[in-house]
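Read the structure below first, then the notes.
Number of protein chains: 2
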Amino acid sequence: MAVTIKNIADACNVSRGTVDRALNNRGKINPEKKELILAKAKELGYKPNYIARSLKRGKTNTIGIIVFNLYNEFFSSLINSMEEKAKEKDYHIDLALTHYDKDTEKKCVESMIRRQVDGLILCSVNNKKDYSSWLQKFNIPVVSLANKISNKIPYISVDDRRAMKDATQYVADKGYDRIIYISPPLAYEDTHNIYALKQRFEGFSQVNMEHESIIIESKDYIRELETINILEYKTAILCTSDIYALEVLNYLKEKKIKIPSQVGVMGFDNINMLKYIEPHLTTVSYPIEQIGAIAIDSISQAIENGNKIQNMVITHEIIIGESL
Amino acid sequence: MAVTIKNIADACNVSRGTVDRALNNRGKINPEKKELILAKAKELGYKPNYIARSLKRGKTNTIGIIVFNLYNEFFSSLINSMEEKAKEKDYHIDLALTHYDKDTEKKCVESMIRRQVDGLILCSVNNKKDYSSWLQKFNIPVVSLANKISNKIPYISVDDRRAMKDATQYVADKGYDRIIYISPPLAYEDTHNIYALKQRFEGFSQVNMEHESIIIESKDYIRELETINILEYKTAILCTSDIYALEVLNYLKEKKIKIPSQVGVMGFDNINMLKYIEPHLTTVSYPIEQIGAIAIDSISQAIENGNKIQNMVITHEIIIGESL
DNA sequence: CTGTTAGCGCCTTCAC
DNA sequence: GTGAAGGCGCTAACAG
Chain V
1 MAVTIKNIAD ACNVSRGTVD RALNNRGKIN PEKKELILAK AKELGYKPNY
51 IARSLKRGKT NTIGIIVFNL YNEFFSSLIN SMEEKAKEKD YHIDLALTHY
101 DKDTEKKCVE SMIRRQVDGL ILCSVNNKKD YSSWLQKFNI PVVSLANKIS
151 NKIPYISVDD RRAMKDATQY VADKGYDRII YISPPLAYED THNIYALKQR
201 FEGFSQVNME HESIIIESKD YIRELETINI LEYKTAILCT SDIYALEVLN
251 YLKEKKIKIP SQVGVMGFDN INMLKYIEPH LTTVSYPIEQ IGAIAIDSIS
301 QAIENGNKIQ NMVITHEIII GESL
Chain F
1 MAVTIKNIAD ACNVSRGTVD RALNNRGKIN PEKKELILAK AKELGYKPNY
51 IARSLKRGKT NTIGIIVFNL YNEFFSSLIN SMEEKAKEKD YHIDLALTHY
101 DKDTEKKCVE SMIRRQVDGL ILCSVNNKKD YSSWLQKFNI PVVSLANKIS
151 NKIPYISVDD RRAMKDATQY VADKGYDRII YISPPLAYED THNIYALKQR
201 FEGFSQVNME HESIIIESKD YIRELETINI LEYKTAILCT SDIYALEVLN
251 YLKEKKIKIP SQVGVMGFDN INMLKYIEPH LTTVSYPIEQ IGAIAIDSIS
301 QAIENGNKIQ NMVITHEIII GESL
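So the protein lines, in turn, are chains V and F. Heads up: the first sequence at position 36 corresponds to 36 in UniProt numbering, and the numbers run straight through without jumps. Heads up: the second sequence at position 226 corresponds to 226 in UniProt numbering, and the numbers run straight through without jumps.
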């Protein structure tokens, strides 16, 4: 059984109130008694029970974080930066992964609410109109990252549309006259939150190429790619994530297609592992660690001072590699 | 303010006890009343307060997990598998990162103890003899992964010595007659926990090569490598982690040294991203996801049934690539 | 300056 | 079947 304030009080022949004053530098207390109590607490190995404290204070100093998974370095970098920032501000991380499942996500949210997290940061797969009001019902600060939920929920991200437009323009400026655009399915709209994907697609659509673009929107994009004559025209393959681009690179290498002389490839995210990839992938930097730090900052201020969290757009950047 | 059992009780004109019976299927209760109470609970949007429940039950259903960071895919895969397994068993993850700092690790442990985690899984940087008794003082199940703390703390891992011995033997069998062995500093012993590293080094030392091996043990291994005539003899560079091996590959590519015809390279861990790397890295599989799942399994049984957690050795495997 | 006490929300015994 | 009540450990308001 762990040592409690009562144990210390008994051991020192004082009241629990006095022990509390000694331990937490609250109000007036006889310095000698304070010494004695602190010494005894140390001797007994007292560790405050934060569960009890949380119950009393109605605050757990915990931020719930819900993301898809940690297989994509994008998210592990995010969690890494958030944990660091959270620790600095004396918050804990309650982490849950949805694996892109909407029901799992809802369960995660509910479970976190039951655990009385002080705030919620999520990269959501949910999209239904009523999801955002459902979230607001819980009356704690919520921040969405990377995938907007609604205008009601603060959203921190890059400008996905602009970023993909810039990427597409960069491809065009490089002299490519046709693009094969690879994205996860865009038709999932009524079942999944694909806000960012749609934004990117719109951005892509704003740039005109000489020859008609080919859109592949499928999890099975490599198989789709096989049905296309890639070498026709001066073609670039533009992917909505680096991971997709890496798979494409692998496919092209297998087919002995030269990059970038026969076909160009461009990714999106600029994940760290790219430094080990050859050829160096041209991509768009997504400053996910910065976004994570900002999210923790904003949400902790919202928790502590009731500040409203502002939407925020972080600057992206074209990263020039050798794959285009 | 969130809805409590008392609110429901008042709304239904029953006692809190009865609400509890309805909500948790406890004991006898008038079916009609139960219906009414459940309906009311739903209507009011009742969500049990787990903090209060935890305080009462003395169990938080939370497992504290402490690892170095998430930059190495090794750890993000680990967390990923643990989160999945934990969710399945209705545990939450309290995640903290140490960034290889011993004091940070201790603070993380203390903070988790204060939060009353039911168990602790850690990949430790601490090594001092008294660390393991300090850990045991808290009287909750503890499991160490990947880096052994002491014989007193259950340890789940591969047999690092055997694994590196097998790797070295594989290199020798491939016809290499000299090895450059790259490891983080082994001299940190009095400051850091380098159990696994030492085991690997011992395993490596058990195999005799024709020419004397060169040991590089430094964070600055690339610079060290520059001072060596790599092309002398038939040399293989054996690294204690894939990440190191990837850096070495980058260095060799930059120097236009052909792999494996001029020099061989071997890694350790078999992280997922290797599938995007060329040439395919020969490495040792470290079944970290399996280890994570086993750790959660064992610790949850220890929490629930008081089972003693057994040490466990998981099978490694040589992964044959094209870099050797 | 110090002790007492009433909860935070839930769970559990005990009595009716 | 149901209600009343105490307590998990900590905090804070109130007495003294």
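All C-beta atoms, glycine included, are put in the ideal place defined by N, C-alpha and C.
Check your understanding: Is the stretch 168 to 179 of chain F in contact with the stretch 298 to 307 of chain F, if contact means three or more CB pairs nearer than 8 Å?
Key -> The stretch 168 to 179 of chain F, when compared against the stretch 298 to 307 of chain F, does not touch it at the 8 Å Cβ threshold.
Check your understanding: Does the beta-carbon of Gly-264 of chain V have 16 or more other beta-carbons within 10 angstroms, so that it is buried, or is it exposed?
Key -> As a working mapping, residue 264 of chain V is identified with position 264 in the first sequence. Looking at its Cβ environment, which holds 16 or more other Cβ atoms inside 10 Å, Gly-264 of chain V is buried.
**Study point:** Own chain residues within Cβ distance below 7 Å of Gly-27 of chain V, not counting five before or after
**Key:** In the first sequence, the residue the question calls residue 27 of chain V occupies position 27. These residues qualify, in order along the chain: Arg-21.
Check your understanding: For Cys-123 of chain F, which three-state DSSP category applies?
Key -> The residue you call residue 123 of chain F lines up with position 123 of the second sequence. Reduced to three states, the DSSP call for Cys-123 of chain F is coil.
Practice item. Using the Cα positions of Ser-81 of chain V and Glu-210 of chain F, report the straight-line distance between them to the nearest angstrom. Key: Taking the first sequence and counting its residues from 1, one reaches residue 81 of chain V at position 81. Taking the second sequence and counting its residues from 1, one reaches residue 210 of chain F at position 210. Computed Cα separation, rounded: 47 Å.
Exercise for review: Kindly confirm or deny that the stretch 31 to 40 of chain V and the stretch 34 to 42 of chain F touch, where touching means at least three C-beta pairs closer than 8 Å.
Suggested key: Under the Cβ criterion (8 Å, minimum of three pairs), the stretch 31 to 40 of chain V does not count as touching the stretch 34 to 42 of chain F.
Point to revise | Three-state secondary structure assigned by DSSP to Leu-231 of chain V | key: Taking the first residue of the first sequence as position 1, residue 231 of chain V is located at position 231. DSSP places Leu-231 of chain V in coil when its eight states are reduced to three.
Review point. With a Cβ-Cβ cutoff of 9 Å, do Pro-141 of chain F and Ala-293 of chain F count as a contact?
Key: Your numbering for residue 141 of chain F matches position 141 in the second sequence. Your numbering for residue 293 of chain F matches position 293 in the second sequence. Judged by their CB atoms, Pro-141 of chain F and Ala-293 of chain F are not nearer to each other than the 9 Å cut-off.
**Study point:** Reference Ile-216 of chain F; option with closest CA among F:Arg-16, F:Phe-201, F:Gln-206
**Key:** The residue given as residue 216 of chain F occupies position 216 in the second sequence. The shortest C-alpha separation from Ile-216 of chain F is found at F:Phe-201.
Point to revise | 9 Å Cβ cutoff met for Met-266 of chain V and Ser-323 of chain V | key: For the purposes of this step, residue 266 of chain V is taken as the residue at position 266 of the first sequence. For the purposes of this step, residue 323 of chain V is taken as the residue at position 323 of the first sequence. With contacts defined by Cβ atoms closer than 9 Å, Met-266 of chain V and Ser-323 of chain V form a contacting pair.
Check your understanding: Which whole-angstrom value describes the C-beta separation of Asp-242 of chain V and Thr-283 of chain V, a residue pair presumed to lie in contact below a C-beta threshold of 8 Å?
Key -> For the purposes of this step, residue 242 of chain V is taken as the residue at position 242 of the first sequence. For the purposes of this step, residue 283 of chain V is taken as the residue at position 283 of the first sequence. The Cβ separation is near 6 Å, so the contact holds.
Review point. For Thr-104 of chain V, does the three-state DSSP call read helix, strand or coil?
Key: Translated into positions along the first sequence, residue 104 of chain V becomes position 104. Looking at Thr-104 of chain V - three-state DSSP - the assignment turns out to be helix.
Review point. Asn-80 of chain F touches chain V at which residues, Cβ-Cβ below 9 Å?
Key: Looking up residue 80 of chain F in the second sequence gives position 80. The contacting residues are Asn-69, Leu-70, Tyr-71, Ser-76, Leu-97.
Check your understanding: Which word fits Ala-187 of chain V, buried or exposed, when buried means at least 16 other C-beta atoms lie within 10 angstroms of its C-beta?
Key -> Looking up residue 187 of chain V in the first sequence gives position 187. So Ala-187 of chain V ends up on the exposed side.
Review point. Within the 9 Å Cβ cut-off, does Ser-54 of chain F reach chain V?
Key: Position 54 of the second sequence, counted from the first residue, corresponds to residue 54 of chain F. For Ser-54 of chain F, the answer is yes, since a Cβ of chain V falls inside 9 Å of its Cβ.
Review point. Is there contact here, the stretch 310 to 322 of chain V with the stretch 274 to 283 of chain V, by at least three beta-carbon pairs under 8 Å?
Key: Yes, the stretch 310 to 322 of chain V touches the stretch 274 to 283 of chain V.
Practice item. Give the straight-line distance between the Cα atoms of Ile-66 of chain V and Ser-144 of chain V, rounded to the nearest whole angstrom. Key: Here the question's residue 66 of chain V lines up with position 66 in the first sequence. Here the question's residue 144 of chain V lines up with position 144 in the first sequence. Straight-line Cα distance between these residues: approximately 10 Å.
Point to revise | Cα-Cα separation between Tyr-131 of chain F and Ile-149 of chain F, rounded to whole angstroms | key: Here residue 131 of chain F corresponds to residue number 131 of the second sequence, with the count starting at 1. Here residue 149 of chain F corresponds to residue number 149 of the second sequence, with the count starting at 1. Each residue's alpha carbon lies about 8 Å from the other.
Review point. When you compare only the Cα positions, how much space is there between Lys-258 of chain V and Ile-318 of chain F?
Key: Here residue 258 of chain V corresponds to residue number 258 of the first sequence, with the count starting at 1. Here residue 318 of chain F corresponds to residue number 318 of the second sequence, with the count starting at 1. Rounded to whole angstroms, the gap between the alpha carbons of Lys-258 of chain V and Ile-318 of chain F is 31 Å.
**Study point:** Partner residues on chain F for Gln-136 of chain V, Cβ-Cβ distance less than 8 Å
**Key:** Indexing the first sequence from 1 puts residue 136 of chain V at position 136. Result: empty, since nearest Cβ-Cβ is about 12 Å, beyond 8 Å.
Review point. Could you check where the beta strand (DSSP E) with Arg-178 of chain V kicks off and where it finishes?
Key: For the purposes of this step, residue 178 of chain V is identified with residue 178 of the first sequence, where counting begins at 1. Arg-178 of chain V -> beta strand (DSSP E) spans 178 to 183.
**Study point:** Beta-carbon neighbours of Met-273 of chain V, restricted to chain F and to distances below 7 Å
**Key:** By one-based count along the first sequence, residue 273 of chain V stands at place 273. Going along chain F in sequence order, the residues near Met-273 of chain V (Cβ under 7 Å) are Met-273.
Exercise for review: Using a Cβ-Cβ cut-off of less than 9 Å, list which residues of the stretch 100 to 126 of chain V approach chain F; keep chain order.
Suggested key: If the cut-off is 9 Å between Cβ atoms, the stretch 100 to 126 of chain V has Thr-104, Lys-107, Cys-108, Glu-110, Ser-111, Met-112, Ile-113, Arg-114, Arg-115, Gln-116 near chain F.
Exercise for review: Answer yes or no: do Phe-204 of chain V and Leu-246 of chain V have a C-beta to C-beta separation smaller than 9 Å?
Suggested key: If you number the first sequence from 1, residue 204 of chain V lands on position 204. If you number the first sequence from 1, residue 246 of chain V lands on position 246. Note that the C-beta distance between Phe-204 of chain V and Leu-246 of chain V is not below 9 Å.
Practice item. Could you please give me the residues that DSSP links to Gly-264 of chain F through a beta bridge? Key: In the second sequence, the residue the question calls residue 264 of chain F occupies position 264. When DSSP reads this structure, Gly-264 of chain F sits in a beta bridge with F:Ala-236.
**Study point:** Extent of the continuous beta strand (DSSP E) to which Ala-96 of chain F belongs
**Key:** Here residue 96 of chain F corresponds to residue number 96 of the second sequence, with the count starting at 1. Counting along the chain, the unbroken beta strand (DSSP E) around Ala-96 of chain F starts and ends at 92 to 97.
**Study point:** 7 Å Cβ shell around Asn-272 of chain V - same chain, five flanking residues per side excluded
**Key:** The count along the first sequence starts at 1 and reaches residue 272 of chain V at position 272. Closer than 7 Å at Cβ, skipping near neighbours: Glu-73, Ser-77.
Check your understanding: Gly-292 of chain F lies in the alpha helix (DSSP H); which residues open and close that run?
Key -> Mapped onto the second sequence, residue 292 of chain F falls at position 292. Segment 288 to 305, the alpha helix (DSSP H) holding Gly-292 of chain F.
Point to revise | Residue nearest to Thr-240 of chain F in terms of C-alpha spacing, selected from F:Asp-269, F:Ile-79, F:Ile-222 | key: Reading the second sequence from its first residue, position 240 is the one you call residue 240 of chain F. Answer by Cα proximity: F:Asp-269.
Exercise for review: Ignore the nearest five residues each way along the sequence and tell me which others in Ile-5 of chain V's own chain have a CB closer than 7 Å to its CB.
Suggested key: Here residue 5 of chain V refers to the residue found at position 5 when the first sequence is read from its first residue. If you ignore the 5 residues before and after Ile-5 of chain V, its C-beta comes within less than 7 Å of the C-beta of Arg-16, Val-19, Asp-20, all in its own chain and listed in chain order.
Practice item. Answer with buried or exposed for Tyr-155 of chain F, where buried requires no fewer than 16 other C-beta atoms within 10 angstroms of its C-beta. Key: If you number the second sequence from 1, residue 155 of chain F lands on position 155. Result: buried.
Exercise for review: Taking only beta carbons into account, state which residues of the UniProt domain "HTH lacI-type" (3 to 57) of chain F come closer than 8 Å to chain V, listed in chain order.
Suggested key: Within the UniProt domain "HTH lacI-type" (3 to 57) of chain F, the residues whose Cβ lies closer than 8 Å to some Cβ of chain V are Gly-45, Lys-47, Pro-48, Asn-49, Tyr-50, Ile-51, Ala-52, Ser-54, Leu-55, listed in chain order.
Practice item. With DSSP as the reference, label Leu-281 of chain F as helix, strand or coil. Key: Locating residue 281 of chain F in the second sequence gives position 281, where the first residue counts as 1. Looking at Leu-281 of chain F - three-state DSSP - the assignment turns out to be coil, as it is neither helix nor strand.
Check your understanding: Taking C-beta to C-beta, are Ile-309 of chain F and Ile-291 of chain F nearer than 9 Å?
Key -> Here the question's residue 309 of chain F lines up with position 309 in the second sequence. Here the question's residue 291 of chain F lines up with position 291 in the second sequence. In this structure, Ile-309 of chain F lies away from Ile-291 of chain F, with their beta-carbon atoms at least 9 Å apart.
Exercise for review: Quick one: list the residues of chain V neighbouring Glu-83 of chain F, beta-carbon separation under 9 Å, in chain order.
Suggested key: Here the question's residue 83 of chain F lines up with position 83 in the second sequence. Within chain V, the residues near Glu-83 of chain F are Asn-69, Leu-70, Leu-95, Ala-96, Leu-97.
Check your understanding: Among F:Gly-45, F:Ile-51, F:Val-125, which has the Cα closest to the Cα of Lys-56 of chain V?
Key -> Against the first sequence, residue 56 of chain V aligns to sequence position 56. Closest by alpha carbon: F:Ile-51.
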